[in-house]
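Here the protein sequences come in this chain order: R and G.
Heads up, the first sequence is in the numbering used here, so the first residue is 19 and it goes up one at a time.
Heads up, the second sequence is in the numbering used here, so the first residue is 12 and it goes up one at a time.
Structure, as structure tokens:
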Amino acid sequence: MGRSEAVPSGEPDRPEVPEQRSGDGPYLQVRELRVRFDTEDGVVRAVDGVSFAVERGRTLGIVGESGSGKSVTSLAILGLHNAKRTTISGEISVGGRQLVGLREEEIRRLRGRDMAMIFQDPLSALHPYYSVGRQIAEAYRVHHPRAGRREARSRAVDMLGRVGIPQPAKRFDQYPHEFSGGMRQRAMIAMALVNDPDLLIADEPTTALDVTVQAQILDLLADLQEEFRSAIILITHDLGVVSQVADDVLVMYAGRAVEHGSVERVLRAPQHPYTWGLLSSVPSLHGDADADLVPIPGNPPSLINLPSGCAFHPRCRWADVNGDRSRIEVPELREAGQAGHLVACHLSAADRERIYRDEVAQVGVAR
Amino acid sequence: MSAETEPLLSVRGLTKHFPVRQGLRARGAVRAVDGLDFDVRPGETLGLVGESGCGKTTTGRMLVRLLEPTSGSITFAGRDITHGGRRELRGLRQDLQIIFQDPYASLNPRHTVGRIVAMPLQVNRITPPGGVKKRVQELLELVGLNPEHYNRYPHEFSGGQRQRIGIARALALKPKLIVADEPVSALDVSIQAQVINLLRDLQRDLDLAFVFIAHDLAVIRHFCHRVAVMYLGTIVEIGDRDTIYTRPQHPYTRALLSAIPDVTTLGPAGRIRLTGDVPTPLNPPSGCRFRTRCWKATDHCATEEPALTTRDDGGQLTACHYPESGPVGMPTGEPVEVSK
Numbered sequence: 019m020g021r022s023e024a025v026p027s028g029e030p031d032r033p034e035v036p037e038q039r040s041g042d043g044p045y046l047q048v049r050e051l052r053v054r055f056d057t058e059d060g061v062v063r064a065v066d067g068v069s070f071a072v073e074r075g076r077t078l079g080i081v082g083e084s085g086s087g088k089s090v091t092s093l094a095i096l097g098l099h100n101a102k103r104t105t106i107s108g109e110i111s112v113g114g115r116q117l118v119g120l121r122e123e124e125i126r127r128l129r130g131r132d133m134a135m136i137f138q139d140p141l142s143a144l145h146p147y148y149s150v151g152r153q154i155a156e157a158y159r160v161h162h163p164r165a166g167r168r169e170a171r172s173r174a175v176d177m178l179g180r181v182g183i184p185q186p187a188k189r190f191d192q193y194p195h196e197f198s199g200g201m202r203q204r205a206m207i208a209m210a211l212v213n214d215p216d217l218l219i220a221d222e223p224t225t226a227l228d229v230t231v232q233a234q235i236l237d238l239l240a241d242l243q244e245e246f247r248s249a250i251i252l253i254t255h256d257l258g259v260v261s262q263v264a265d266d267v268l269v270m271y272a273g274r275a276v277e278h279g280s281v282e283r284v285l286r287a288p289q290h291p292y293t294w295g296l297l298s299s300v301p302s303l304h305g306d307a308d309a310d311l312v313p314i315p316g317n318p319p320s321l322i323n324l325p326s327g328c329a330f331h332p333r334c335r336w337a338d339v340n341g342d343r344s345r346i347e348v349p350e351l352r353e354a355g356q357a358g359h360l361v362a363c364h365l366s367a368a369d370r371e372r373i374y375r376d377e378v379a380q381v382g383v384a385r
Numbered sequence: 012m013s014a015e016t017e018p019l020l021s022v023r024g025l026t027k028h029f030p031v032r033q034g035l036r037a038r039g040a041v042r043a044v045d046g047l048d049f050d051v052r053p054g055e056t057l058g059l060v061g062e063s064g065c066g067k068t069t070t071g072r073m074l075v076r077l078l079e080p081t082s083g084s085i086t087f088a089g090r091d092i093t094h095g096g097r098r099e100l101r102g103l104r105q106d107l108q109i110i111f112q113d114p115y116a117s118l119n120p121r122h123t124v125g126r127i128v129a130m131p132l133q134v135n136r137i138t139p140p141g142g143v144k145k146r147v148q149e150l151l152e153l154v155g156l157n158p159e160h161y162n163r164y165p166h167e168f169s170g171g172q173r174q175r176i177g178i179a180r181a182l183a184l185k186p187k188l189i190v191a192d193e194p195v196s197a198l199d200v201s202i203q204a205q206v207i208n209l210l211r212d213l214q215r216d217l218d219l220a221f222v223f224i225a226h227d228l229a230v231i232r233h234f235c236h237r238v239a240v241m242y243l244g245t246i247v248e249i250g251d252r253d254t255i256y257t258r259p260q261h262p263y264t265r266a267l268l269s270a271i272p273d274v275t276t277l278g279p280a281g282r283i284r285l286t287g288d289v290p291t292p293l294n295p296p297s298g299c300r301f302r303t304r305c306w307k308a309t310d311h312c313a314t315e316e317p318a319l320t321t322r323d324d325g326g327q328l329t330a331c332h333y334p335e336s337g338p339v340g341m342p343t344g345e346p347v348e349v350s351k
């Protein structure tokens, strides 16, 4: 994805709400995003100061385990958190518009039109009572109030065909339960794309699917991105998926970014011990099948009671290299080696290089 | 593993059809598992791999007799256990245990860990030397849990730890064979590796045989001696791990292998892209069941079901009229368009 760098100025016509877009700069810009939930047990710091940007036509993969804050980040961008229990601070700018602090109805006008989401489980994201086509047509009419029923229908049929559903006109009137898992995910993608959104957030879009169907859906997303030039955020726990489709990778741990850079850099020359751990714990189709996997010891921390200093230090084998520093001081994201490759770790560049070369790469990470 | 060893588990023509009724009339059957043959030798790990609906879980449940087979036979340690009743099976269940996929649903939330792990001993009225508590604490230690946590409840443990509790429970009766149904697919990657390593250590140290069910070919590769690839209720290819991964002969095995996104390759590296979905097991295609998605299928495939037989150049059994030959290369980035 994202083979050309130029940002096109041609926008689809949207007569209803004329707006200007900044032609240059990334389409989505997130700065110092913090999301907190008040719960009975305490304040959950689900996202704690995350910054990233996605340009049109590019794909950012956000990687992390459960509780790393990757889904919370995406819901914050779409304004889908319950405002009563959530505190969001920082900046989220989509196409030059600031979203944090926007009123609910203003965000609703953007959601589905400028930015859309593909959820993990299409069966629970589609309404079982309405036909698939009707749900897609409705998504279109919400943002095109002057569009007639017939126009919306033909648009939905068109989208179903575009995402590779055979006999779209017939499929329009079928219900979600009549679709297979892969077809439902295609229908979800059709619904997300019906208004030509510029930003598409896909939260584990293929996790519930079989591998052969997953390959189809990933290909489809790549093709559609080329056609629509949307910015895509792909949230996943699967580094394999990221390596196939992402241009850039953001690795999250306990609500913070620990590593950020191009997919080549992060997967080929990883800098953070957590990224090393992820890469060496994934079973691979190549390399020595009899060698033990190298798991990350321990469990992800509680977000209510984060470890002091670097949140990863209790699970990090190299936390003691710099004395007590990892236990006391939160590491900042800093450039590592190459422009645009950021890492949040107290290890010096020389230490990281030595450890990676002598201790990590040996066990079969990133051949 | 020599071929002369008497198999511990021997499955012949194993079949499970679930009748589908509409009102009172039978309307056909879901042919979930349709004639499986395989053996598992003592201390050997056999991987059952396939996509959803291929019948791998149904097979696992029949092996431990949680489901009654429609036809075929299961022989375990020389005894036919296909239709054994409760009493006949009791002695047998000690040797044959199962680990479930969902570490949240498979532990009783109202029982302490000690009670959960001791349950198999209690049910079988076994008092181990040194007492139940001592044995349970040994088991907890064996799977890497703190034996002091004997009195805690499942909700106090993380997903990976719960899966360890399930493993301790399966080991309580010192079984000879464990059926593990997707034991790591609900876990985070870093935890997944911990559990895979634990199972591998246990397998080696206790000389356990495993039937390891998973959809993830990379996980299977790190655990199994032999691999059976299933598609729509049948085995399409079975053989030694290295043969299956380096010289697969069935087109489906090749497609499955090339569909896995691998961290070691960047960019869309896929070479074989299957189109369409798995057909319904309610009415599987005639002849070869894979033919509707196969790029090599001919009219012959529609009329005659290929038998699972061995070819001269490989060690594996393959059910295909037009098997592939030669090694699978590292992905070259040249996509092969597959469409029918």
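Each residue gets a CB set at the ideal place from its N, CA and C atoms; glycine is no exception.
Every value quoted in this text rests on a predicted model; they were computed, and no experiment measured them.
- The DSSP assignment places 266-271 and 274-280 as complete runs of the beta strand (DSSP E) inside the stretch 259-346 of chain R, in order along the chain (cut-off: 3 residues).
- Secondary structure note for Gln234 (chain R): its alpha helix (DSSP H) is the uninterrupted segment Val229 to Phe246.
- Of the candidates G:Ala116, G:Arg180 and G:Gly142, the residue whose Cα lies closest to the Cα of Val124 (chain G) is G:Arg180.
- In summary, no residue of the stretch 290-324 of chain G has a CB separated from any CB of chain R by less than 7 Å.
- By the Cβ neighbour-count rule, Thr57 (chain R) is exposed, with fewer than 16 other Cβ atoms within 10 Å of its own.
- Closest by C-alpha distance to Glu377 (chain R), out of R:Val312, R:Asn323 and R:Gln356, is R:Val312.
- Distance from Met206 (chain R) to Ile183 (chain R) at the Cβ level is roughly 11 Å; contact not present, criterion being Cβ atoms closer than 8 Å.
- In the DSSP assignment, Arg164 (chain R) is bridged to no other residue.
- Between Gln205 (chain G) and chain R, the shortest Cβ-Cβ separation is below 7 Å.
- Counting only Cβ-Cβ distances below 9 Å, Glu83 (chain R) has contacts in chain G at Asp199, Val200, Ser201 and Ile202, in chain order.
- Among the residues facing chain G, Asp338 (chain R) is not included, as its CB has no counterpart in that chain under 7 Å away.
- Residues of the stretch 196-207 of chain R with a C-beta less than 9 Å from any C-beta of chain G: Ser198, Gly199, Gly200 and Met201, listed in chain order.
- When beta bridges are read from the DSSP output, Pro30 (chain G) appears opposite G:Ala40.
- Assignment of beta-bridge partners to Gly79 (chain R) by DSSP yields R:Leu252 and R:Val267.
- Three or more Cβ pairs closer than 8 Å define a contact, and the stretch 335-346 of chain R falls short of that threshold against the stretch 63-77 of chain R.
- For Gly83 (chain G), the secondary structure class from DSSP, reduced to helix, strand or coil, is strand.
- DSSP, read as helix, strand or coil, puts Gly108 (chain R) in strand.
- The contact set of Gly89 (chain G) on chain R, defined by CB atoms closer than 7 Å, is empty, because the minimum CB distance reaches about 31 Å.
- Note: Asp45 (chain G) is bridge-paired with G:Thr26 in the DSSP secondary-structure output.
- Under the DSSP definition of a beta bridge, Gln116 (chain R) partners with R:Ser111.
- Three or more beta-carbon pairs separated by less than 8 Å link the stretch 153-167 of chain R to the stretch 209-216 of chain R, which places the two stretches in contact.
- Under the Cβ criterion of 7 Å, Glu62 (chain G) is counted among the residues facing chain R.
- Taking the beta carbon of His233 (chain G) as reference, the chain R residues within 7 Å of it are Pro301, Ala307 and Leu311, listed in sequence order.
- Taking C-beta atoms under 8 Å as the contact rule, Thr264 (chain G) and Pro338 (chain G) fail to qualify, at a distance of about 13 Å.
- Using a Cβ-Cβ cut-off of 7 Å, Ser21 (chain G) does not count as an interface residue toward chain R, since no Cβ of chain R sits closer than that to its own.
- A direct Cα-to-Cα measurement between Val62 (chain R) and Ala313 (chain G) gives close to 58 Å.
- Flagged as an interface residue toward chain R: Val274 (chain G), by a C-beta distance shorter than 7 Å.
- For Asp139 (chain R), there are no neighbours in chain G by C-beta distance under 9 Å, as the nearest C-beta there is about 14 Å away.
- Beta-bridge pairing by DSSP links Ile189 (chain G) to G:Gln108 and G:Phe221.
- Remark: C-beta atoms of Arg274 (chain R) and Asp66 (chain R) approach each other more closely than 7 Å.
- Of the candidates R:Leu93, R:Gln203, R:Glu83 and R:Thr77, R:Glu83 places its Cα closest to the Cα of Val276 (chain R).
- Those residues of the stretch 273-296 of chain R placed with their C-beta closer than 8 Å to a C-beta in chain G are Val281, Glu282, Leu285, Arg286, Gly295 and Leu296, ordered along the chain.
- Distance from Val274 (chain G) to Val300 (chain R) at the Cβ level is roughly 6 Å; contact confirmed, criterion being Cβ atoms closer than 8 Å.
- In the DSSP assignment, Val68 (chain R) is bridged to R:Leu51.
- Going by DSSP, Gln192 (chain R) is part of no alpha helix (DSSP H) at all; its letter is neither H nor E.
- Excluding the 5 residues flanking it on each side, His278 (chain R) has same chain C-beta neighbours closer than 6 Å at Leu268 and Leu360, in chain order.
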